[in-house]
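Sequence order for the protein chains is A and B. When you line the first sequence up against my numbering, it's residues 7 to 437, in that order. When you line the second sequence up against my numbering, it's residues 7 to 437, in that order. The structure appears right after this line, and notes come after that.
2 protein chains.
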Amino acid sequence: MDTVIEKQTEAPLSAEDSAALIDRLARKARNAQKVLASMSDAEKADALRAAAAALRDHAGDILAANARDIAAGEERGLSGAMLDRLRLDEDRLEGIAAAVENVADLPDPVGQVIDRSERPNGLQFARVRVPVGVIGIIYESRPNVTADAATLCVRAGNAALLRGGSEAVHSNRAINKALAEGLAKGGVPEGAVQLIPTQDRAAVGAMLKAAGLIDMIVPRGGKSLVARVQEEARVPVLAHLDGINHTFVHASADKTMAEDIVLNAKLRRTGVCGAMETLLIDRNYPDAAGVVKKLLDADCEVRGDEAARKLDERVKPADDEDWDTEYLEAIASVAIVDGMDAALDHIAAHSSGHTDAIVASDADAVETFLNNVDSAIVMANASSQFADGGEFGLGAEIGIATGRLHARGPVALEGLTTYKWQVRGSGQTRP
Amino acid sequence: MDTVIEKQTEAPLSAEDSAALIDRLARKARNAQKVLASMSDAEKADALRAAAAALRDHAGDILAANARDIAAGEERGLSGAMLDRLRLDEDRLEGIAAAVENVADLPDPVGQVIDRSERPNGLQFARVRVPVGVIGIIYESRPNVTADAATLCVRAGNAALLRGGSEAVHSNRAINKALAEGLAKGGVPEGAVQLIPTQDRAAVGAMLKAAGLIDMIVPRGGKSLVARVQEEARVPVLAHLDGINHTFVHASADKTMAEDIVLNAKLRRTGVCGAMETLLIDRNYPDAAGVVKKLLDADCEVRGDEAARKLDERVKPADDEDWDTEYLEAIASVAIVDGMDAALDHIAAHSSGHTDAIVASDADAVETFLNNVDSAIVMANASSQFADGGEFGLGAEIGIATGRLHARGPVALEGLTTYKWQVRGSGQTRP
Chain A
7 MDTVIEKQTE APLSAEDSAA LIDRLARKAR NAQKVLASMS DAEKADALRA AAAALRDHAG
67 DILAANARDI AAGEERGLSG AMLDRLRLDE DRLEGIAAAV ENVADLPDPV GQVIDRSERP
127 NGLQFARVRV PVGVIGIIYE SRPNVTADAA TLCVRAGNAA LLRGGSEAVH SNRAINKALA
187 EGLAKGGVPE GAVQLIPTQD RAAVGAMLKA AGLIDMIVPR GGKSLVARVQ EEARVPVLAH
247 LDGINHTFVH ASADKTMAED IVLNAKLRRT GVCGAMETLL IDRNYPDAAG VVKKLLDADC
307 EVRGDEAARK LDERVKPADD EDWDTEYLEA IASVAIVDGM DAALDHIAAH SSGHTDAIVA
367 SDADAVETFL NNVDSAIVMA NASSQFADGG EFGLGAEIGI ATGRLHARGP VALEGLTTYK
427 WQVRGSGQTR P
Chain B
7 MDTVIEKQTE APLSAEDSAA LIDRLARKAR NAQKVLASMS DAEKADALRA AAAALRDHAG
67 DILAANARDI AAGEERGLSG AMLDRLRLDE DRLEGIAAAV ENVADLPDPV GQVIDRSERP
127 NGLQFARVRV PVGVIGIIYE SRPNVTADAA TLCVRAGNAA LLRGGSEAVH SNRAINKALA
187 EGLAKGGVPE GAVQLIPTQD RAAVGAMLKA AGLIDMIVPR GGKSLVARVQ EEARVPVLAH
247 LDGINHTFVH ASADKTMAED IVLNAKLRRT GVCGAMETLL IDRNYPDAAG VVKKLLDADC
307 EVRGDEAARK LDERVKPADD EDWDTEYLEA IASVAIVDGM DAALDHIAAH SSGHTDAIVA
367 SDADAVETFL NNVDSAIVMA NASSQFADGG EFGLGAEIGI ATGRLHARGP VALEGLTTYK
427 WQVRGSGQTR P
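In structure tokens, the structure reads:
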């Protein structure tokens, strides 16, 4: 196995610069994608099942490659959290293979008719879903992304160009090799899933500039990666930078529901993008102290505005920055607001457009909030931690997007398609 | 009237640089857009009807302003075609006002539910259309774009930042002034439609870079404008650069239908983006000479490959560039191809992804073509000159997009919206 990996490391680099490398790989991907686009639902699903089987067949190779990455990571002094994201074991690898099968089971969006119409002259119009094309995935240390992202792309007829993090280089290569073997058995052309064979950062730059060759970039990783991608990309990017998410406890909120939702939204997992960062409490909500006490008693640091600080002596003062901070840990900012309008204003000023929620018994308040908050996901009486493609019933997600075009919120297979217009006539010419 | 126009010319420039100017106008637009987003269908429609009335009320001012532009254009030696694009008269102005009313009559896409679902835990999901936000329109000499584009934006709840060409500066200001007056009567806030008050080209550059402030740019004009916008923009662009459109006459095509469609597709109007530029004829189509003769007899220059040149002595030789050229005049390139696969290959290699068509009686050939050509619009047995939002039943169009994301083909109101997820719960927390 080592021999193969070393060969892959050396092989394609030669004197080629990053732009030429990406150009070559992307053209290969485009050609492969044309074949993929013409494969049927069942053919693509079978190929993905073969890829899952190949992941299981090569478990030994993949885990050995992962052990090399882990050893190198320990030597480089990676944090425990980073090593954990990097680490594979038999259970995690089985999870990756099962996820590939899960995607194979999802309905194929390609060929779905979005709508049809007919004009008085007899022309018949249909908008039909087609793959986006070539999708670049730029990610960090989690090797499962190699399989997850490639699988979602292929399911919807797209070619994937994968650029993983250097910490996971051996794991990614081993996973990619197994995937490629399985997909090839299923008739998917070789170029449909390609791992960029260099860790040179210039290759990322070349991907970001490959407009016309790469159709969409999905960055998966921390804020600095996403920020770089959004800043440099000339290719459209599907991503979110921040999840500065608000939960607004309305005056009409049920006390138990409010406390359960706030606790869950903040603390179920503090490191996920759907976690609540700011709690807004209506001045007329009768037990603001109760909900703040719940957070504090659960060892959540609370940083409050002046009114919030009066609720509990453990509340620390919030400064201006707190309202624009994604903590991703057990810290919440809390503001007491004067009713719906003030809550909407605060959210409009500070939300990152990811997921904002209201807790309210008043149905009008719920609808006002859902209609007026302009985030990708707006929720009523539920925890913002549900912000996830699986929880939305999409089966999986390639990411969550806070941009305003193409696809918003959790993006799964449909977001990896676009459409074309099919027009059927019987000899019509335009007068 | 002149006084007002001069005041507008001088007013807001001061020492402000382009970036600061665009920043200020875009922020004003964003605030106005929030109000617009909360206006009802009927309120927006009524405001647009008031704008149409104001255009009619100010017809004298607008035509006088236009006369100034025409005089200046004649002095600068603008071509007859450019002067014609620039010129307004009572009929054309009435057409502009009627078009505004037509848009008011179109169904409002905002608030439409795209789909709904419910999860086993009781969470209810709905995807609801919302406005895109602030849309920048960059256009050239046609003053009607000022009204057309602004109107479509407002109908779908978007603010418009308009940057028209210097040739039409007085016309645009007069139209914008009338529009603003009418919209204000209907309760649309002042910032919802703004004409950039400078002809400095740096203002265009600043618009293109205003990511986060402007949500989408729509260029309306010639190829050099669109190319500049696509090259420089950091804001998503909805556009097409070229309409290198093919019509493929299949072996099974009906002779009369093929000749009618080819003639119409090439010659009805040669300067529109949906015009055919390249004719592909199946080697087994029985009367290739007939269709080429029709074009030649209609004074269309034909540039052919070797086989096409044998059909008629008037056919000139095509060189490599011809297959990638958008003539926009009475010239067609003609290639004889070996059946469907060769036609698909030629189109994949040379199409600009705008509108490609087949003429065929064979239903399988039609479906193969419609499924395998990856252009924004694929047509069977109809003239590619139908590539137009009005002909598609969309009521109007802001442009035709050949990009792969968000919206493709003719883009009307729906393409000026995006969606958000509304999630309704009853206290759900995530396990």
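Where a beta carbon is used, it is the ideal one built from N, C-alpha and C, also for glycine.
Bridge partner(s) assigned by DSSP for residue i
i	result
His64 (chain B)	Answer is none; His64 (chain B) lacks a bridge partner.
Trp329 (chain A)	Its beta-bridge partners do not exist; DSSP assigns none.
Val417 (chain B)	B:Gly405
Leu112 (chain B)	Its beta-bridge partners do not exist; DSSP assigns none.
Gln200 (chain A)	A:Leu167
Val340 (chain A)	A:Leu285, A:Gly310
First through last residue of the beta strand (DSSP E) which encompasses residue i
i	result
Asp121 (chain A)	119-124
Met430 (chain A)	Here residue 430 (chain A) is Arg; the residue named in the question, Met, does not match the sequence. Run containing Arg430 (chain A): 423-434, per the beta strand (DSSP E) assignment.
Ala131 (chain A)	Just to set this straight, residue 131 (chain A) is Phe in the shown sequence, not Ala. Note, Phe131 (chain A): beta strand (DSSP E), 130-137.
Ala165 (chain B)	165-169
Leu286 (chain A)	282-288
Ala388 (chain B)	383-388
His356 (chain A)	No beta strand (DSSP E) contains His356 (chain A), which is instead part of the alpha helix (DSSP H) from 345-356.
Phe254 (chain B)	251-255
Val365 (chain A)	361-365
Glu307 (chain A)	307-310
Leu84 (chain A)	No beta strand (DSSP E) holds Leu84 (chain A); DSSP gives it neither H nor E.
Residue i versus residue j - alpha carbon distance
i	j	result
Glu327 (chain A)	Asp368 (chain A)	32 Å
His64 (chain B)	Ala184 (chain B)	6 Å
Thr15 (chain A)	Ser24 (chain A)	For Thr15 (chain A), the predicted structure reports a pLDDT of 45, less than 50, and the residue's modelled location is therefore unreliable. The matter cannot be settled from this model.
Ala382 (chain B)	Lys40 (chain B)	32 Å
Leu286 (chain A)	Arg169 (chain A)	40 Å
Ala38 (chain A)	Leu31 (chain A)	10 Å
Ala208 (chain A)	Leu201 (chain A)	15 Å
Ala53 (chain B)	Glu283 (chain B)	42 Å
Gly421 (chain A)	Arg226 (chain A)	16 Å
Lys299 (chain A)	Asp318 (chain A)	7 Å
Val417 (chain B)	Asp370 (chain B)	29 Å
Asn290 (chain B)	Ala56 (chain A)	42 Å
Asp380 (chain A)	Ala354 (chain A)	8 Å
Gly79 (chain A)	Gly228 (chain A)	18 Å
Ala180 (chain A)	His412 (chain A)	33 Å
Arg320 (chain A)	Leu301 (chain A)	11 Å
Gly345 (chain B)	Gly401 (chain B)	37 Å
Contact check, residue i vs residue j, beta carbons under 8 Å
i	j	result
Val106 (chain B)	Leu69 (chain B)	no
Tyr472 (chain A)	Arg133 (chain B)	Only positions 7 to 437 of chain A appear in this structure, which leaves residue 472 (chain A) out of reach.
Leu42 (chain B)	Val136 (chain B)	no
Ile342 (chain B)	Ala294 (chain B)	yes
Gly405 (chain A)	Val224 (chain A)	yes
Ala165 (chain B)	Cys159 (chain B)	yes
Asp75 (chain B)	Leu92 (chain B)	yes
Gly163 (chain A)	Tyr145 (chain A)	no
Met222 (chain B)	Pro242 (chain B)	yes
Val232 (chain B)	Leu247 (chain B)	yes
Val119 (chain A)	Ala388 (chain B)	no
Val235 (chain A)	Ala245 (chain A)	yes
Start-to-end residues for the alpha helix (DSSP H) that takes in residue i
i	result
Gln39 (chain A)	24-43
Asn182 (chain B)	175-191
Arg234 (chain B)	229-238
Ile141 (chain B)	First-last for Ile141 (chain B): 140-145, but that is the beta strand (DSSP E), not the alpha helix (DSSP H).
Gly218 (chain B)	Taken as a continuous stretch (DSSP letters only), Gly218 (chain B) belongs to no alpha helix (DSSP H), as it is neither H nor E.
Thr276 (chain B)	Taken as a continuous stretch (DSSP letters only), Thr276 (chain B) belongs to no alpha helix (DSSP H), as it is neither H nor E.
Glu373 (chain B)	369-378
Arg161 (chain B)	150-161
Lys300 (chain A)	294-303
Compile a chain-ordered list of the residues in the segment 263-276 of chain A whose CB is closer than 7 Å to at least one CB of chain B.
-> Met263, Asp266, Ile267, Asn270, Arg274
Scan the segment 400-432 of chain A for residues whose Cβ lies nearer than 7 Å to a Cβ of chain B and list them as they occur along the chain.
-> Arg410, Leu411, His412, Arg414, Gly415, Thr424, Tyr425, Lys426, Trp427, Gln428, Val429, Arg430, Gly431, Ser432
In chain order, what residues of the segment 376-390 of chain A put their CB closer than 7 Å to some CB of chain B?
-> Leu376, Asn378, Asp380, Ser381, Ala382, Ile383, Val384, Met385, Ala386, Asn387, Ala388, Ser389
What are the residues of the segment 113-127 of chain B that lie near chain A, defined by any Cβ-Cβ distance shorter than 7 Å?
-> Ser123, Arg125
Which residues, taken in chain order from the segment 22-44 of chain A, show a beta carbon closer than 9 Å to some beta carbon of chain B?
-> Lys40, Ala43, Ser44
Interfacial residues, the segment 224-246 of chain A to chain B, with Cβ spacing under 7 Å | Pro242
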